Structure formats: structure tokens, C-alpha cells
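Residue numbers (this note's numbering): 88 to 434.
We treat Cβ as the ideally placed atom computed from N, Cα and C, and that holds for glycine.
Model, not experiment: these values are computed from the prediction.
So the structure is just underneath, and the comments pick up after that.
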Ligand code: ADP
Ligand code: MG
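In C-alpha cells, the structure reads:
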């Protein structure tokens, strides 16, 4: 929470773009990075290249693209596509191709996850205060009333036009950053970058391997404290974690309420899972699935993986057990303080 506030301040001060780079000697691979604030979060893009000019141009272009997408997808900016759709009064609203692409992907994933990913949850999230940071426990009758405005299958998307019923509202928050990560990766690749690490507010997009050819070593946040649970060694993959340990509030009843909502109840997820990490080629798939599988819970998430098997995952339960798919089991090393956790292989 505190970090978010600091980030907002940085934005307000207009100091959101800092381009840092070493003076690269032509022919030698150097590290270049750019940190900025976008999509309500702090991002750092790091690329490795033998040309300072190329690296900086690539970083600038990727950050610009993120800014563009933010402008289209913000739920609060009156000029955004999503705002226009959410205030369309039941009429069709024309959107940019990027927005149509994002929505079509989100709706597809909503269907595939049986509504565990629910892009129309915005009214319910607002009632809980997760869109304004002024949190409260809404009365049960308000939740059930708002749930009537929720339903991905009632969103009409035809080419570049979106129609919502009156009262319905979209929140692309669970997939936007992942989708944007794929876009940023594509831009870097167009600049010939083959080694880069993108941190998109905790979503990681690893382009290729480290410059020496070895895997990136990524710390997976512990849902039980400030530190790292373990280290994952991967190349050429996105890694996205969802959990209720980062954005939550303690209600007047002393209960902890997280920001991921079970669309079937309208209440924050409370199913024994502490976090879900998804590893796959595409950031958008990781982002959609990390949220959806967190909603599903351990049993259903394992069932879903067994049907698809085209991604890897690491589930951490509140009872401090780990479920990890066979594809990344040997690539994940628990930190010493968590060595006693029981690890189950999913295969
Ligand atoms: P984060 O964006 O915090 O890294 P997620 O990708 O898991 O985490 O997205 C969570 C966000 O998605 C919430 O803050 C909320 O805006 C929205 N959301 C909450 N529950 C759901 C859900 N079941 N389906 C789709 N979006 C959700
Ligand atoms: Mg997500």
C-alpha cells in the first residue's frame, strides 16, 4: 500500500520517466534500463544490447506503447476507451483495435475459466472500495444487487464496437498488464533485442535468456511475509503471481479482505490459496490465469491445468504447502526459511 502511494507521488511530481544507461562501447553488450509509472504501477524495463542508441530507442518506444495502452484502458480517465464503454448507456461504443483485442482475449478467458475471470466485476469491486482505495464491507443485499450487473457472456463485442447493458461496467485490471507486457516484448524484438527483463508491476516478462545464455533467476514473493519464497530459473517466459497478500484491507470485523473477488459470490476469495504463479510464453495468458486460478482454488486449478497442460504453475496454500507442475519443479528452489514446506508435484 505504502509503495503504491509513493509511486503515485512520483507520478504527481512528473518524475515518472528516468532513462538510465551505461555509456555502451560499440560491440560490447551493456545493460540499459528505464523505470516509469504506468497503469497504476511501477515498471522497470531492462534490456541488454551492444548499441546504446538502439537500446534507448527500444526502451523509449516500449514505454510509449505502455502509455498509449494505459490511456485506452484506464477505468477512471474520461478519455479512455474503457470509460466510454462503461458510460455508453446501453449503446454500442467504438473502440480502438487494441481495446477490442484486449476485450476479446478477456472474454475468451472468462468463458474458458467458467467465469472465474470476470471482466465485468467493476461495480462489485467499487462497492468494496478496491477502485478507490477507501475500503468497506458492502451490505450483503448490495452485493447481490450488484452481481446482477455482472456477466461476461452479456458483453457484446462485434469487431471494434462494444455494447454493455446499462449498469454493467468493465474492469480490465486482471489482464491489462499481461497484455501490455506482450506488446512491450514485441516492440523490443522489433528492435532486435534478444535479452531483456520487463518488470510490469510484479508481472515479469523475460525476453530470451540472460546475455551469457543462462536462465534468469526470479524471486517469487512469499505470500507469508516481505521476503522471497524461492527462486525460479527460466528463460523466454512470462511469470505472473496473483494473491490476496498485496492489496487487501482489514474490515471492522477483523477479517482480511483481498482484492480478488469470487464472481460467484461477490466476496473476496477465501479458499485456502495464498498465491498462484503462472509461467507461460504469453504475459496475457499468465495474467488471466493467475487471477482465474486463484479464484478457482487448489483442486479446480489442478483440474484446469490437467486439461490444458500448456502452462506451468506454482500454487501456495495458506496451510503452507506448495503444488508445482512438473515443468518447473526442478527449476524452483525454496529459500532456506521455507525449506520445510511440503511440495507436491502436479503431473
Ligand atoms: P494485480 O493486477 O494486482 O497484479 P491480478 O492480475 O490478479 O493482480 O488482478 C487483480 C485485479 O483484477 C483486481 O485488483 C481487480 O481490479 C480485478 N479483479 C478482481 N477479481 C477479479 C476476477 N475474479 N476477475 C477479473 N478481474 C478481477
Ligand atoms: Mg491477473
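403 is the residue among 370, 270, 159, 403 whose C-alpha sits nearest the C-alpha of residue 386.
In this chain, the beta strand (DSSP E) harbouring residue 129 covers 128-136.
Put simply, the backbone Cα of residue 251 is about 13 Å away from that of residue 194. Taking C-beta separations shorter than 6 Å and ignoring five residues to either side along the sequence, the partners of residue 373 in its chain run 265, 325, 327, 365, 367, following chain order. With respect to the 8 Å criterion, residue 130 and residue 314 are not classified as neighbours on the basis of their beta carbons. Under the DSSP assignment, residue 120 falls in the beta strand (DSSP E) whose first and last residues are 117-125. Of the other Cβ atoms in all chains shown, fewer than 16 fall within 10 Å of the Cβ of residue 423; this residue is therefore exposed.
The set of residues with a C-beta under 7 Å from any non-hydrogen atom of the ligand MG comprises 261, 262, 265, 327, 329, 374, 375, 377, 378, given in chain order. Contact between residue 363 and residue 275 does not hold, since the beta-carbon distance rounds to 27 Å and is not under 8 Å.
For residue 334, the distance from the CB to the nearest heavy atom of the ligand ADP is below 7 Å. Distances between the C-beta of residue 205 and the heavy atoms of the ligand ADP include at least one below 7 Å. The beta carbon of residue 342 is closer than 7 Å to none in its chain, skipping five residues each way along the sequence.
Non-local C-beta neighbours of residue 149 in its own chain, meaning closer than 7 Å and more than five positions away in sequence, comprise 132, 271, 274, 275, ordered along the chain.
Minimum Cα-Cα distance from residue 240 among the listed residues 224, 190, 286, 214 corresponds to 190. Every unbroken stretch of the beta strand (DSSP E) spanning 3 or more residues and falling wholly within the segment 360-408 is given here in chain order: 360-367, 399-404.
Checking the 7 Å criterion, the Cβ of residue 353 is out of range of every heavy atom belonging to the ligand ADP. Below 8 Å, too few C-beta pairs join the segment 174-187 and the segment 221-231 to call them touching: fewer than three. Taking 7 Å as the cut-off, one finds at least one heavy atom of the ligand ADP near enough to the beta carbon of residue 258. A straight line joining the alpha-carbon of residue 331 with that of residue 376 spans about 15 Å. CA-to-CA, the gap between residue 278 and residue 322 works out to about 19 Å. Relative to the ligand ADP, residue 366 has its C-beta separated by 7 Å or more from all heavy atoms.
Sequence-distant Cβ neighbours of residue 256 in its own chain, meaning closer than 6 Å and more than five residues away, are 173, 209, 210.
Counting only the Cα atoms, residue 136 lies some 38 Å from residue 204. Around the beta carbon of residue 426, a 10 Å sphere encloses fewer than 16 other beta carbons of the protein chains shown; the residue is thus reported as exposed. Contact between the segment 291-303 and the segment 342-352 is absent: fewer than three C-beta pairs spanning the two stretches fall below 8 Å. Exclusion of the five residues before and after residue 229 leaves 214 as the residues of its chain whose Cβ lies within less than 7 Å of its Cβ. Annotation for residue 269: the continuous alpha helix (DSSP H) segment containing it runs 263-277. Taking C-beta atoms as the reference points, residue 308 and residue 319 fail to come closer than 8 Å.
Taking all protein chains in view, the Cβ of residue 337 is surrounded by fewer than 16 other Cβ atoms within 10 Å, so the residue is classified as exposed. Counting only residues of its own chain and dropping the five nearest sequence neighbours on each side, residue 378 has a CB closer than 7 Å to the CB of 204, 261, 329, 347.
By the Cβ neighbour-count rule, residue 355 is buried, with 16 or more other Cβ atoms within 10 Å of its own. Beta-bridge partners assigned by DSSP to residue 336: 344.
Short note on residue 174: C-beta not closer than 7 Å to any heavy atom of the ligand ADP.
Of the residues assessed, residue 163 falls on the exposed side of the cut-off, its CB having fewer than 16 other CB atoms within 10 angstroms.
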